[in-house]
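Asker: Heads up: the sequence shown begins at 1 in the UniProt record's numbering, then just goes up one per residue.
Using N, Cα and C, we set each Cβ at its ideal position, and we do this for glycine too.
Here the structure is a predicted model, which means the values were calculated and not measured.
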Amino acid sequence: MSGMKETTGQPGRIGGTGAPDLSIAQHGKGAFAAMETAFAKAAFNNPNDVCEAQYRFADLKVRVRIVGRELAQHFRRPIAHLEASGAPPSATQLAIDLWDEQDSGIPCPVVPAHDHIGSTWDVGNGILTASADGRFVGHGLRQSRTWLDRKAQHVVGWTVSSKALSLYERGKPLLLLLSLWYHDRDMRVIHSGLVSRNGRGVLFPGMGGSGKSTSTLACLVGGFDYLGDDYTGLQVLADGSFIGHSLYNSTWLEPDHMAHFPLLPPHAIRSSRPEENKCLVLLAPLFPKQLPRSVPIRVLAIPRIVDAHTTRCRPASKVDALLRLAPSSLLTLAPRPGVRDLQMLARLVERVPSYWLELGRDLTEIPHRVDDLLAEVTRI
């Protein structure tokens with residue numbers, strides 16, 4: 001993970017003064033059990049504030065329970081397009097339980113010092129921690145704490161108040177832990193935009209500032225379907241083809257950048273925190289019919305901003321495509337990317353044709369050039 005610093009944690013105590021010392025591995029299990037108990041107490045004490053919904057994450061069944069109506073609203077809005085209709089399934093591949101301390105009166109039972117149960121990584125404004133056996137992984141931010149039991153496929157999380165959530169948490173909730181859960185299911189969360197036309201996906205790889213969001217949003221406004229402009233899921237199928245999955249329907253944009261898309265500013269959510277200079281926009285209310293869950297990936301369009309008026313496309317080498325795709329994806333979310341992760345990306349660029357998308361100043365041309373790319377790869 002980019003910018004991560006790894007340290008080794010020490011055994012701690014669960015439950016305050018007088019609790020027995022625990023080994024690192026036991027501490028992970030004990031910490032998660034304490035979180036489960038706290039959530040159960042919050043739900044039992046506040047039955048009228050428990051919100052439950054079913055989702056499909058990459059076609060996997062997910063059950064979400066949240067204690068706190070405002071917290072539930074914040075969590076559910078960026079994944080609204082992934083909600084599953086019908087009766088609750090008999091079995092799920094992931095359970096997510098979250099509670100709001102202010103609404104429920106139940107504090108977090110695991111204090112920050114006790115989060116250091118095995119290895120730890122500094123991640124942005126938070127800390128990612130893991131038990132010695134790797135089963136339990138926690139992500140702590142300033143006023144929230146969330147744990148994943150990888151074996152049980154269960155997430156439990158706490159926030160001091162829904163009003164204290166950052167725009168990061170409101171826009172892409174549980175991103176780090178969900179990326180690990182996807183990884184355990186043989187999927188990768190990659191740093192790319194993804195759009196589609198008539199069920200044919202176009203992937204926009206690249207580092208921040210390369211034009212991924214610009215390309216994705218220009219295509220969305222131009223009639224394409226949208227699956228993400230920042231992080232998307234990548235899966236290889238049995239026949240060797242690739243499918244991309246939508247994770248969120250949210251986007252972050254600087255105010256000046258957002259001015260290029262007149263539909264968005266009236267719906268921008270601004271933060272009071274000085275370190276959050278981007279606005280959050282939730283796209284489901286604006287484009288409810290343009291948010292599919294998954295699409296086959298047919299072409300890689302590598303965005304690059306150029307000093308020109310027009311936008312044009314030209315073929316890119318497989319090496320260029322991998323160099324743009326791998327660094328931002330492998331070093332962003334996976335603490336220790338392995339050979340298999342790189343091999344998956346290498347197979348993607350080997351199978352899917354790649355093009356440079358050289359972005360000129362006229363953003364309205366972008367969807368037309370992407371349509372041209374889809375027409376070109378259809379003829380191949």
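To which residues of the same chain is Leu148 closer than 6 Å at the C-beta, ignoring the five residues directly before and after it?
Answerer: Val137, Val155 and Leu177
Asker: For a test of the three-state rule: what should DSSP assign to Leu22, helix, strand or coil?
Answerer: Bear in mind that a pLDDT of 37 at Leu22, under 50, signals an unreliable position, so the number given afterwards is only what the model happens to contain. In the structure shown, Leu22 sits in coil (DSSP, three-state: anything other than H, G, I, E or B).
Asker: Return the chain-ordered ranges of every alpha helix (DSSP H) run that is complete within the region 234-300 and spans a minimum of 4 residues.
Answerer: 255-258
Asker: Nearest-angstrom Cα distance between Pro109 and Glu169?
Answerer: 21 Å
Asker: Does the count of Cβ pairs from the region 304-318 and the region 231-249 closer than 8 Å reach three?
Answerer: no
Asker: Does DSSP classify Pro89 as helix, strand or coil?
Answerer: Residue state, collapsed to three classes: coil.
Asker: Tell me whether Ser162 sits in a helix, a strand or coil according to DSSP, three-state version.
Answerer: Correct three-state label for Ser162: helix.
Asker: Compute the beta-carbon to beta-carbon distance between Gly193 and Ser215, rounded to the nearest angstrom, for a pair I have assumed lies under 8 Å.
Answerer: So it is a contact: roughly 6 Å between Cβ atoms.
Asker: What are the boundary residues of the alpha helix (DSSP H) that includes Ile127?
Answerer: Run containing Ile127: none in the alpha helix (DSSP H); it sits in the beta strand (DSSP E), Gly126 to Ala130.
Asker: Given Arg69, which residues of its chain have a CB within under 7 Å of its CB, disregarding the five upstream and five downstream residues?
Answerer: Asp49 and Cys51
Asker: Take the Cβ of Thr308 as the centre, count every other Cβ of all protein chains shown within 10 Å, and call the residue buried at 16 or more, exposed below.
Answerer: According to the sequence shown, residue 308 is Ala rather than Thr. The residue in question, Ala308, is exposed, as its Cβ has fewer than 16 Cβ neighbours within 10 Å.
Asker: Hey, is the region 74-92 in contact with the region 177-191, meaning 3+ C-beta pairs nearer than 8 Å?
Answerer: no
Asker: In this structure, what does DSSP give as the bridge partners for Arg77?
Answerer: DSSP, once it has assigned bridges, lists no residue as partnering Arg77.
Asker: DSSP state of Gly315, grouped into three classes?
Answerer: What sits at residue 315 in the sequence shown is Pro, not Gly. Looking at Pro315 - three-state DSSP - the assignment turns out to be strand.
Asker: Between the region 126-142 and the region 95-109, do three or more beta carbon pairs fall short of 8 Å?
Answerer: no
Asker: Alpha carbon to alpha carbon, what distance is there between Val370 and Leu363?
Answerer: 12 Å
Asker: Report the partner residues of Asp149 according to the DSSP bridge assignment.
Answerer: Phe136 and His154
Asker: Pairs of beta-carbons, one from the region 88-100 and one from the region 54-69, closer than 8 Å: are there three or more?
Answerer: yes
Asker: So Val221 is in the alpha helix (DSSP H); what residue range does that whole segment cover?
Answerer: Annotation for Val221: the continuous alpha helix (DSSP H) segment containing it runs Lys212 to Val221.
Asker: Around the C-beta of Leu237, are 16 or more other C-beta atoms found within 10 angstroms, so that it is buried, or is it exposed?
Answerer: With fewer than 16 Cβ atoms within 10 Å of its Cβ, Leu237 is classed as exposed.
Asker: Near Lys172, which residues of its chain fall below 8 Å by C-beta distance, leaving aside the five closest residues on each side in sequence?
Answerer: These residues qualify, in order along the chain: Pro78, Asp230, Tyr231, Leu247, Tyr248 and Ser250.
Asker: Nearest CA to the CA of Thr129: which residue from Ala346, Leu323, Phe32 and Pro266?
Answerer: Phe32
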